[in-house]
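S.K.: Pasting a structure below so you can have a look.
Residue numbers (our numbering), protein chains in the order written: chain G, 8 to 333; chain U, 80 to 198.
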């Protein structure tokens, strides 16, 4: 078995280019001998003297980096801002895009909701992994190729715009109210107008008429209350935590029953669905898409509101703080 | 972070460049790694061994030190000596040192002709 010193010298040697190896080996060996000798003179035993000397010289990888001038970092400060920017860009564009495409194709060609869900999650994870790995590898190689300065010159024009601040925008409010009221009106309208008619010439509603006993009036009320809250929010000129809570409750009050009814197959009118041969079977891909959409819209709206509320509160309080554009 | 750590950090920053000046100044008489480590330590400029050895090699590569293996003694040792280029650089660095010292002294003294801008 080689001595600790021999192993140390070999470890340093591995970290320097071949051209310098012979010289560095001799130099490190001489340095260790000097350090050991100094300790021996002050009366330390040989074993401890060697150990202490090597400890003083420290990690051989670090010492070798000192000799060769190699970096001890994967990506240095010169390239790190570019690395971070590119990584953010790729993660926010490529990962959702690939995930949606793969999820939609699996659903379309396979149709099994379980397999679609697992394929989607696996795609999201593996795409994230690939983006992280290849971007990091490319930058680490650039760093080692000696590119320590960013190839992109930073200019003030690269600064991102600030998210929109301040009072509620009338356009958003009008769109939200129109959607809520429009949906409520449609729930009533579909009872009387339909592309299908039965033998007596009466319209066949799209939604199960049995739901009129409770669920349809309930959903209409939820939608109208939601429109009212939106209008009040506009009058307050922004989101507060009170409106956030109301909006969250209303979102869930609408989405949860719709999802449960969809999953139970009791949302649509059996007379309607059995009359059209293109109607997708219950639990099939189409109803999964509707289900995911309803849940997605509700969750997105809650998350979006959670993001806007603190901002609007800041704007409402003392209007705008100094450094922000009005 | 304690005050001591803050002080240690700033002192380290301040001393960093002085190691090169000390090496070039000391090695006008040839010496080897460990002897230099010892000399600097006794002079109150303690340097870590794992900083000094690579530094000597870097200065050699830059042509500021000349190196030669001495095999006459019991163990072979690499002797370094400040080259002509190294002496020139040392003079420039010492001039810079003096100029910095002058600037700091002037700033602390608050000499009247120096412009002071206040907001």
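C-beta: ideal position from N, C-alpha, C; glycine also. Keep in mind it's a predicted model, so treat the numbers as computed, not measured.
#1: Reducing DSSP to helix, strand and coil, say where residue 12/G ends up.
#2: Taking the C-alpha atoms as reference points, what is the distance between residue 197/U and residue 186/U?
#3: Quick check on residue 148/U: does DSSP put it in helix, strand or coil?
#4: Taking just the CA atoms, how far does residue 159/G sit from residue 132/U?
#5: State yes or no: is the beta carbon of residue 146/U nearer than 7 Å to at least one beta carbon in chain G?
#6: Taking all protein chains shown into account, decide if residue 102/U is buried (16 or more other Cβ within 10 angstroms of its Cβ) or exposed.
#7: What would DSSP say about residue 156/G, mapped onto helix, strand or coil?
#8: Roughly how many angstroms separate the alpha carbons of residue 58/G and residue 36/G, rounded to a whole number?
#9: Among the residues of its own chain, which have a CB less than 8 Å from the CB of residue 261/G, if the five just before and after it don't count?
#10: Is there a Cβ of chain G sitting closer than 7 Å to that of residue 110/U, yes or no?
#11: For residue 315/G, write down the residues that DSSP places opposite it in a beta bridge.
#12: With DSSP as the reference, identify every bridge partner of residue 38/U, one or two as the case may be.
#13: On the CB-based measure, 16 or more other CB atoms within 10 Å of its CB, does residue 110/G come out buried or exposed?
#14: Just to confirm, are residue 61/G and residue 19/G a CB contact at a threshold of 7 Å?
#15: Determine whether the Cβ of residue 37/G lies closer than 7 Å to any Cβ atom of chain U.
#16: If I measure Cβ to Cβ from residue 130/U and keep anything under 8 Å in the same chain, skipping five residues before and after, which residues do I get?
#17: How far does the alpha helix (DSSP H) with residue 146/G in it reach, from first residue to last?
#18: Which residues of chain G have a Cβ atom closer than 8 Å to the Cβ of residue 129/U, listed in chain order?
M.R.: With the given structure in hand:
#1: In this structure, residue 12/G counts as helix in the three-state DSSP scheme.
#2: Any reading at residue 197/U needs caution, since the residue's pLDDT is 46, under 50, leaving its predicted position unreliable; the model's value is listed next. Spanning the two alpha carbons is a distance of roughly 15 Å.
#3: strand
#4: 37 Å
#5: no
#6: buried
#7: coil
#8: 14 Å
#9: 226, 229, 230, 233, 305
#10: no
#11: Paired residues: none, contrary to the question.
#12: The requested residue 38/U does not occur in the structure, where chain U is confined to residues 80 to 198.
#13: buried
#14: no
#15: Between residue 37/G and chain U, the shortest Cβ-Cβ separation is below 7 Å.
#16: 98
#17: 120–151
#18: Per Cβ cutoff of 8 Å: 63, 64, 65, 69, 70, 73.
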